[in-house]
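Enquirer:
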Amino acid sequence: MSSSFTFIDLFAGIGGLRRGFESTGGRCVFTSEWDRFSKITYELNHRDNREVKGDIRPFAENPDLIPEHDVLLAGFPCQPFSIAGVSKKNALGRPHGFLCDAQGTLFFDTAQIIAHHRPAAFLLENVKNLESHDGGRTFKTIMGVLEHDLKYHVTHRVISSEPWVPQKRRRIFIAGFRDPSKFDLHELNIPDEPGPTLGSILDDEVDPKYTLTEHLWTYLQNYAKKHQAAGNGFGCSVFGPDDVTRTLSARYYKDGSEILVDQGKGKRPRRLTPRECARLMGYPDSFKIEVSDTQAYRQFGNSVVVPVVKFVANGMKPHIIKALETEKPAAAAARIVTRPDRAMAVNG
């Protein structure tokens, strides 16, 4: 079956964004992920007969190395944008603005690729706190780049994963279309019926090594009491089969204290296994895990919830297809000539 559209997968991790868009008929034509252990898991589960590229920065500097594509996907890291150097650019007569404020960040590299290739659409994903990061300046800069500098029609929304998996994980999605579009993330109808609970992803039998040692469990209990007495929160939480967990983070490998599984009265709780973490993120049991537990915990803690991405991708797909069907060859040629990056180079 031929693909409906092509996409590239930047800051790909283990391929969560990709899986969501492949499920709607998209075909991945380029992948970038710098972490070598994540690349192992990605390549093991996505057989493309092509190399997963590493650092995205050389490709942002020379975006012709990236194939043409219809959609860009990126789960870029959250970084502060410095306003230092703007006055210097003024003095030197160099262009500045939102895109210039973002220079030196991985979002800037993403923006450069969008500016060069002008894909029909993009989807960016990040932590929910992106909107308030650095006093709101980070998000303001990002939206300024996408809407003002790159001239995309952008919508954003924080979506929680609870309707699909037994985890409270809120992430912000930023979708943009090159041409005017009626797509609006806020018009997607999120299921309102109760989602699954923790028991649905737990194994019946688990290796005893995942049970906390008596020493660690005593330490965590005492640490929690100390912080509670001081009025501080502490992330030691025990969940039962009927519960929905808190957010799985990349630090889960340290002690697993943020999500512990109740094993019954008189028994110490245990960590989730890597396979259970995979299920908590919406990955099927066919998803191969051949890295260490430490690396697996990091990878799933850094990943996206696949069913949430699939939900967003399904909403975007008809608008992507419409954009591709209405794009005429002459218009495509014109947009290549008038790419915004040609008018607002930010060298130096």
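Residue numbers (this note's numbering): 2 to 349.
From the three backbone atoms N, C-alpha and C, an ideal C-beta is built for every residue, glycine too.
Nothing here was measured: the structure is a model prediction, and the numbers come from that model.
Alpha carbon to alpha carbon, how far is Val128 from Ile173?
Expert: Counting from 1 along the sequence shown, the entry for residue 128 is found at position 127. Counting from 1 along the sequence shown, the entry for residue 173 is found at position 172. Distance between the alpha carbons of Val128 and Ile173: 6 Å.
Enquirer: Whole angstroms are fine: how far does the CA of Thr212 sit from the CA of Val229?
Expert: As a first step, residue 229 must be located in the sequence shown, where it is residue number 228. As a first step, residue 212 must be located in the sequence shown, where it is residue number 211. First, the amino acid is wrong: residue 229 is Gln here, not Val. Counting only the Cα atoms, Thr212 lies some 24 Å from Gln229.
Enquirer: Can you tell me which of the three DSSP states Ile173 falls into?
Expert: By one-based count along the sequence shown, residue 173 stands at place 172. The three-state reading of DSSP puts Ile173 in strand, counting E and B together.
Enquirer: When we look at the beta-carbon of Asn303 and count the other beta-carbons within 10 Å, is it buried (16 or more) or exposed?
Expert: Taking the sequence shown and counting its residues from 1, the one referred to as residue 303 is at position 302. Counting other Cβ atoms within 10 Å of its Cβ, Asn303 reaches 16 or more and is therefore classed as buried.
Enquirer: Using the DSSP secondary-structure output, state which residues sit across from Phe178 in a beta bridge.
Expert: Residue mapping note: residue 178 aligns to position 177 of the sequence shown, counting from 1. Answer by DSSP bridge pairing, in chain order: Ala122 and His154.
Enquirer: Hey, out of Ile160, Glu259, Ala324 and Phe288, whose CA is closest to Phe178's CA?
Expert: What you label residue 178 is simply residue 177 of the sequence shown in a count that begins at 1. Across the set Ile160, Glu259, Ala324 and Phe288, the C-alpha of Ala324 shows the shortest separation from the C-alpha of Phe178.
Enquirer: Taking Ser258 and Leu203 to be in contact with their CB atoms under 8 Å, please state how far apart those CB atoms are, rounded to whole angstroms.
Expert: One-based indexing of the sequence shown puts residue 258 at position 257. One-based indexing of the sequence shown puts residue 203 at position 202. That belief does not hold up - the Cβ atoms of Ser258 and Leu203 are roughly 18 Å apart, past 8 Å.
Enquirer: Fully enclosed by the region 5 to 79, which alpha helix (DSSP H) runs are 4 residues long or longer?
Expert: You should have 17 to 23, 37 to 46 and 58 to 62.
Enquirer: Leaving out five residues on either side along the sequence, give the residues of the same chain with a beta carbon under 6 Å from the beta carbon of Lys311.
Expert: In the sequence shown, residue 311 corresponds to position 310, counting from 1. For Lys311, where only same-chain residues beyond five positions count, the Cβ hits under 6 Å are Gly21 and Ser24.
Enquirer: Are Ala61 and Gln113 close, meaning C-beta to C-beta below 8 Å?
Expert: The residue given as residue 61 occupies position 60 in the sequence shown. The residue given as residue 113 occupies position 112 in the sequence shown. Yes, these two residues count as a Cβ contact at 8 Å.
Enquirer: According to DSSP, is Ala292 helix, strand or coil?
Expert: Position 291 of the sequence shown holds residue 292. A quick correction: the sequence has Val, not Ala, at residue 292. Val292: coil per DSSP, three-state reduction.
Enquirer: Quickly, what does DSSP pair Leu261 with across the bridge? List them, please.
Expert: Stepping through the sequence shown from its first residue, residue 261 is reached at position 260. For Leu261, which the question treats as bridged, DSSP gives the partners Val239 and Arg272.
Enquirer: When the distance is taken between beta carbons, is Ile260 closer than 8 Å to Arg247?
Expert: Position 246 of the sequence shown, counted from the first residue, corresponds to residue 247. Position 259 of the sequence shown, counted from the first residue, corresponds to residue 260. Contact flag set, yes.
Enquirer: His70 and Phe108 - do their beta-carbons sit closer together than 8 Å?
Expert: Here residue 108 is taken as the residue at index 107 of the sequence shown, counted from 1. Here residue 70 is taken as the residue at index 69 of the sequence shown, counted from 1. No, the Cβ-Cβ distance between Phe108 and His70 is not below 8 Å.
Enquirer: Is the beta carbon of Val166 less than 8 Å from the beta carbon of Gly196?
Expert: Here residue 166 refers to the residue found at position 165 when the sequence shown is read from its first residue. Here residue 196 refers to the residue found at position 195 when the sequence shown is read from its first residue. Contact: yes.
Enquirer: I'd like the list of long-range same chain contacts for Asp56, defined as Cβ closer than 6 Å, with 5 residues on each side in sequence excluded.
Expert: For this step, residue 56 is matched to residue 55 along the sequence shown. Here the set comprises Trp35.
Enquirer: Looking at C-alpha atoms only, which residue of Ile67, Ile321, Val207 and Glu328 is the closest neighbour of Leu124?
Expert: On the sequence shown, position 123 is the one that residue 124 refers to. Ranking the options by Cα distance to Leu124, first place goes to Ile321.
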